[in-house]
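Numbering (this note's numbering), first residue to last: 1 to 337.
Working notes for the structure below.
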């Protein structure tokens, strides 16, 4: 269903910097630590709450204990059931990720993402909770254009590809039965994706644009998510202080995703298509080799089927250590292009 689609992309997006470059994870010369290897820990929170068929607002932090006894609406769920409506129905996804990036060459980077998932769902008084290792992502990027400094203008174009391994369990149980497919730690599929990132810097201002196309497999339960397209854009401004030993970088982020949804035995699951745009602020802090990322996004546009659960938003926190890398495994070129 659509939540599962978003969570998979969210794990791959591997923002490896979540919002500056959703898939490549690099700063590309405009912010500190250009072409530096790094290791980081990230925490992501995502919530779905409320329905288009009702007047509920879709809270980012839904109260699972409050019920609206006066509501008589019913909604169709992905399994075909029609439970009594509750304004406390929700899906919450929490992910802790270990991310690593290593430059083999000034133009070639390798990335790995290892997620651990804590997911929960409440549907008509039935609560399910699962946790476990998610699907590992491996990908590589090539810096096709690398203009570090030309008349106070910097540019970067990165193209890359990667795979998502079926390392996470997709048969976890809750309440003595298989938990909903939406909240499983893994998908049981081997997927591939390609991406491109362009970054432009003019003095202290910057723009980052990223596009990703993901090709999904089918698991042993014949569950298949249609291929998805995602896009990210970020406007930011670099503020140095303490003799440029520290930097503050405020941002405005936009995120878009499209997918035709989930199919089981080639049968479309109603309400699983995705067409959503989100917008929100972010802030990066740099001190010496340490980096802190904070970001939040809320939906500004969402096209859904009537009975689909609403996107409520997402929050991310990252702590990264950047390694100084004066040398590379492969000899670096003298060219700046």
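Where a beta carbon is used, it is the ideal one built from N, C-alpha and C, also for glycine.
Since the structure is predicted, the reported quantities are computational estimates derived from the model, not experimental observations.
Contact between residue 188 and residue 166 holds: their C-beta atoms lie close to 5 Å from each other, under 8 Å.
Closest by C-alpha distance to residue 92, out of 113, 47, 132, 38, is 47. Its Cα nearest to that of residue 250, the residue 237 stands out among 164, 303, 320, 237. Between residue 112 and the set 317, 40, 220, the nearest pair of CA atoms involves 40.
Here residue 153 is exposed. Its C-beta has fewer than 16 other C-beta atoms within 10 Å. For residue 141 against residue 158, the beta-carbon gap comes to about 5 Å, under 8 Å, which counts as contact. For residue 182, the three-state secondary structure derived from DSSP is helix. With respect to residue 313, residue 278 sits close: the two C-beta atoms are nearer than 9 Å. Of the other Cβ atoms in all chains shown, 16 or more fall within 10 Å of the Cβ of residue 42; this residue is therefore buried. Fully enclosed beta strand (DSSP E) runs of no fewer than 3 residues occupy 205-215, 223-225, 228-237 of the region 193-240, in order along the chain. Restricting attention to alpha helix (DSSP H) runs no shorter than 4 residues, the region 126-169 encloses none. DSSP places residue 299 in the uninterrupted beta strand (DSSP E) bounded by 290-302. Within its own chain, the residues whose Cβ lies closer than 7 Å to the Cβ of residue 268, once the five positions on either side in sequence are excluded, are 261, listed in chain order. Selection 138, 265, 63, 303 evaluated against residue 219 yields 265 as nearest (Cα-Cα).
By the CB criterion at 9 Å, residue 160 and residue 195 fall inside the cutoff.
Burial check for residue 245: the Cβ neighbour count within 10 Å stays below 16, so the residue is exposed. Across the set 145, 137, 90, 95, the C-alpha of 145 shows the shortest separation from the C-alpha of residue 106. No Cβ-Cβ contact shorter than 9 Å links residue 198 with residue 230.
Pairing residue 323 with residue 286 gives a Cβ-Cβ distance that is not under 9 Å.
Comparing C-alpha distances from residue 185 to each of 330, 116, 317, 307 shows the shortest one belongs to 116.
Residue 110 and residue 156 have their C-alpha atoms spaced approximately 17 Å apart.
Here the alpha carbons of residue 168 and residue 121 stand approximately 18 Å from one another. By the Cβ-count criterion, residue 170 is buried, with 16 or more other Cβ atoms from all chains shown falling within 10 Å of its own Cβ. A direct Cα-Cα distance of roughly 10 Å separates residue 226 from residue 258. One thing to note: residue 316 has its Cβ within 9 Å of the Cβ of residue 44. In this structure, the straight-line span from the alpha carbon of residue 206 to that of residue 235 is close to 6 Å. Per the C-alpha coordinates, the member of 123, 130, 104, 102 positioned closest to residue 94 is 130. For residue 48, the uninterrupted beta strand (DSSP E) segment begins and ends at 37-51. When secondary structure is reduced to three states using DSSP, residue 245 falls in the coil class, being assigned neither helix nor strand. Residue burial annotation: residue 51 is buried, with at least 16 other C-beta atoms found within 10 angstroms of its C-beta.
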